[in-house]
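Chemist: For reference, the structure I am asking about is given below.
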Amino acid sequence: MEAFDVGRGVRCILTPVSSYTDLKTYAEAYSISYATALRMAWDGEIPGVVRLRRSWRVPVAALPDARGNE
Numbered sequence: 181m182e183a184f185d186v187g188r189g190v191r192c193i194l195t196p197v198s199s200y201t202d203l204k205t206y207a208e209a210y211s212i213s214y215a216t217a218l219r220m221a222w223d224g225e226i227p228g229v230v231r232l233r234r235s236w237r238v239p240v241a242a243l244p245d246a247r248g249n250e
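Take 181 as the starting number for the sequence shown in the numbering used here and just add one per residue.
And the structure:
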């Protein structure tokens, strides 16, 4: 979803919370182990990853063949 503020000439992309998936799905999509994906999340190598209490949320756009990942 895209938002535009005409007065300021600012354009930004809004990402709804529902467009996130879990780290296990990310690992499976890239054919890597969960441990590798977890290390990548801790090291900040996954764009847009979010830490929630005891889990990680990965943007669907970070998955291969996802819309917006072109």
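Glycine residues also receive a C-beta, built at the ideal position from the N, C-alpha and C atoms.
Given the structure is predicted, the values throughout are model-derived calculations rather than measurements.
1. Once you ignore the five residues that flank L243 on each side, which residues in its own chain have a CB closer than 6 angstroms to its CB?
2. If I follow the unbroken beta strand (DSSP E) through Y210, where does it start and stop?
3. Between which two residues does the beta strand (DSSP E) harbouring V238 extend?
4. Using the C-alpha atoms, what's the distance from I212 back to Y206?
5. Does the Cβ of W222 have 16 or more other Cβ atoms within 10 Å, making it buried, or fewer, making it exposed?
6. Assuming P239 contacts Y214 (C-beta within less than 8 angstroms), just tell me the rounded distance between them.
Modeler: Taking the definition as stated:
1. On the sequence shown, position 63 is the one that residue 243 refers to. Around L243: A209.
2. Here residue 210 is taken as the residue at index 30 of the sequence shown, counted from 1. Y210 -> no beta strand (DSSP E), and no H or E assigned at all.
3. To locate residue 238, count along the sequence shown from 1; it is residue 58. Going by DSSP, V238 is part of the beta strand (DSSP E) stretching over 235-239.
4. Taking the sequence shown and counting its residues from 1, the one referred to as residue 206 is at position 26. Taking the sequence shown and counting its residues from 1, the one referred to as residue 212 is at position 32. So the alpha carbons of these two residues sit roughly 9 angstroms apart.
5. If you number the sequence shown from 1, residue 222 lands on position 42. Classification for W222: exposed.
6. Translated into positions along the sequence shown, residue 239 becomes position 59. Translated into positions along the sequence shown, residue 214 becomes position 34. Wrong, their Cβ atoms sit about 18 angstroms apart, outside the cutoff.
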